[in-house]
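>
Numbering (this note's numbering), first residue to last: 1373 to 1763.
1) Please report the straight-line C-alpha distance between residue 1636 and residue 1651, rounded to a whole angstrom.
2) Exposed or buried, residue 1667, counting other C-beta atoms within 10 Å across all chains shown (16 or more means buried)?
3) Can you tell me which residues form a DSSP beta bridge with residue 1409?
4) Got a sec, what are the start and stop residues for the alpha helix (DSSP H) residue 1758 sits in?
5) Look up residue 1628 in the DSSP assignment and say whether it is helix, strand or coil.
6) Looking at the structure shown, is residue 1684 part of a helix, part of a strand, or coil, going by DSSP?
7) Taking C-beta to C-beta, are residue 1484 and residue 1586 nearer than 8 Å?
8) Output the residue ranges of the alpha helix (DSSP H) runs that lie fully inside the stretch 1714 to 1752 and measure 4 residues or longer, sorted by chain position.
9) Check whether the stretch 1542 to 1555 touches the stretch 1482 to 1496, taking contact to mean three or more Cβ pairs, one atom from each stretch, closer than 8 Å.
10) Give a yes or no on whether the C-beta atoms belonging to residue 1612 and residue 1403 are separated by under 8 Å.
11) Take residue 1591 as the anchor and find which of 1676, 1518, 1503, 1489 has the nearest alpha-carbon.
12) Output needed for residue 1645: all residues of its chain with C-beta closer than 7 Å, excluding positions within five of it in sequence on either side, in chain order.
13) Can you have a look at residue 1697 and say buried or exposed, based on whether 16 or more other CB atoms are within 10 angstroms of its CB?
14) Beta carbon of residue 1752, beta carbon of residue 1692: below 8 Å?
15) Give the DSSP-derived three-state secondary structure of residue 1755 in the structure shown.
16) Where does residue 1669 fall in DSSP's three states?
17) Suppose you measure from the CA of residue 1440 to the CA of residue 1755; what does that come to, to the nearest Å?
18) Could you please give the first and the last residue of the uninterrupted beta strand (DSSP E) stretch that includes residue 1526?
19) Whether or not the stretch 1553 to 1571 and the stretch 1500 to 1507 are in contact is what I'm after, with contact meaning three or more pairs of Cβ atoms, one per stretch, closer than 8 Å; do they touch?
20) What span of residues does the beta strand (DSSP E) with residue 1420 cover, start to end?
21) According to DSSP, is residue 1701 helix, strand or coil?
22) Do residue 1412 and residue 1445 have their beta-carbon atoms positioned less than 8 Å apart in this structure?
23) Is there contact between the stretch 1714 to 1729 and the stretch 1651 to 1662, where contact requires at least three CB pairs shorter than 8 Å?
24) What does DSSP give as the partner residue(s) for residue 1554 in the beta ladder?
25) Could you tell me whether the Cβ atoms of residue 1397 and residue 1601 are closer together than 8 Å?
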């Protein structure tokens, strides 16, 4: 994208005769995906470094003890902050931290930000924004996953109108499409539920003139604010396989069976010890005797965290779950449809209803999820007993 020389690591000069400065963004010590960016100015020049207080977002995580299933109403979370400093931490562990953001209606652009701990996946439930980075800009909106590689300097510029509501997944490592969807060389295979055409990447350079500018940087030690001598949005071109991109949940092509298919058919991304799945409107199971609703299940090796983003999730009808709710079903607990939901869906199919309408984002982790500071602020205290209450 933009201007690049014919070969890598050769002289590439600015119009004034000076050399452009290379920056190789690469994973796993030069042994995995990378991109080579060409800056007008040295990306290494800093003039100041300061500690940043995380405030409430930096609170300790607590075990889910005594063990119980939980539900959180993001509708009850207070609005405030932005997509960087407005993250209200719901759950997390040593592999991933999951937060929810409810921005103010008039929220301005975020500070420049770089997460140097791991990749981020931001799912926009409502609202829109312009995602600006050293790689260029992307316009994103409701239903978009935005996948941001580790170390990418970026900021969010909210679009006017509806406030942003977003689920933020911060990994301690890298997030990629599932390996089973890819050839040995990285191309999406024909049976994959999405393809390269569904991914939106920056298409042109984003050049910002300016002098010193602060960038908030996250490392495992916490947050720092580095002041750079030159604005990092000075990249005239780049090439490579490592870059931010957007993927809309409506472009996910559901995989269906005659009888109910388990959640792995909904998998969209994989991270270190967790997966992200997309539940989208799709045909109901069409075997003549199918039970077209999830069966009771006990995932002994994982915790299940699900945001009900849109539509009507029939399996949880009567439990208090609605659009904007999040359920947490931990290992050690068997969960499934609300009492009465199975017969209700069978009757609905007999009456001619042949498709689902729900949209949901599910994150399964393979280490227990601990509860963050925001969990207590929006928990539905009666959810754990809903199966008994409705029986």
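For each residue, glycine too, the CB sits at the ideal point set by N, CA and C.
So, to answer that:
1) Here residue 1636 corresponds to residue number 264 of the chain shown, with the count starting at 1. Here residue 1651 corresponds to residue number 279 of the chain shown, with the count starting at 1. The straight-line gap from Cα to Cα measures roughly 11 Å.
2) Taking the first residue of the chain shown as position 1, residue 1667 is located at position 295. Looking at its Cβ environment, which holds fewer than 16 other Cβ atoms inside 10 Å, residue 1667 is exposed.
3) Here residue 1409 is taken as the residue at index 37 of the chain shown, counted from 1. DSSP lists 1395, 1610 as partners of residue 1409.
4) Counting from one through the chain shown, the residue named residue 1758 turns up at place 386. Looking at the DSSP string, the run of the alpha helix (DSSP H) that includes residue 1758 is 1758 to 1762.
5) Stepping through the chain shown from its first residue, residue 1628 is reached at position 256. If DSSP states are grouped into helix, strand and coil, residue 1628 belongs with coil.
6) Stepping through the chain shown from its first residue, residue 1684 is reached at position 312. Reduced to three states, the DSSP call for residue 1684 is coil.
7) Numbered from its first residue, the chain shown carries residue 1484 at position 112. Numbered from its first residue, the chain shown carries residue 1586 at position 214. It is a contact, given that the beta carbons lie within the stated cut-off.
8) 1747 to 1750
9) yes
10) The residue labelled residue 1612 in the question sits at position 240 within the chain shown. The residue labelled residue 1403 in the question sits at position 31 within the chain shown. Contact: no.
11) To locate residue 1591, count along the chain shown from 1; it is residue 219. Answer by Cα proximity: 1489.
12) On the chain shown, residue 1645 is found 273 positions in, with the first residue counted as 1. So the qualifying residues of the chain are 1467, 1737, 1738, 1739.
13) Locating residue 1697 in the chain shown gives position 325, counting from the first residue. When all chains shown are included, residue 1697 counts as buried.
14) What you label residue 1752 is simply residue 380 of the chain shown in a count that begins at 1. What you label residue 1692 is simply residue 320 of the chain shown in a count that begins at 1. Contact: yes.
15) In the chain shown, the residue the question calls residue 1755 occupies position 383. The answer is helix: DSSP assigns residue 1755 an H, G or I state.
16) Taking the first residue of the chain shown as position 1, residue 1669 is located at position 297. Strand at residue 1669.
17) Your numbering for residue 1440 matches position 68 in the chain shown. Your numbering for residue 1755 matches position 383 in the chain shown. The alpha-carbon atoms of residue 1440 and residue 1755 are separated by roughly 9 Å.
18) Taking the chain shown and counting its residues from 1, the one referred to as residue 1526 is at position 154. Per DSSP, residue 1526 belongs to the beta strand (DSSP E) from 1526 to 1530.
19) no
20) In the chain shown, the residue the question calls residue 1420 occupies position 48. Its beta strand (DSSP E) spans residues 1418 to 1424.
21) Indexing the chain shown from 1 puts residue 1701 at position 329. Here residue 1701 sits in strand by DSSP.
22) Start at 1 with the first residue of the chain shown, and residue 1445 comes out as number 73. Start at 1 with the first residue of the chain shown, and residue 1412 comes out as number 40. Not closer than 8 Å, so no.
23) yes
24) Here residue 1554 refers to the residue found at position 182 when the chain shown is read from its first residue. In the DSSP output, where bridge partners are listed per residue, residue 1554 has 1560.
25) As a first step, residue 1397 is located in the chain shown; it is residue number 25 there, counting from the start. As a first step, residue 1601 is located in the chain shown; it is residue number 229 there, counting from the start. Cβ distance not < 8 Å, so residue 1397 and residue 1601 don't count as in contact.
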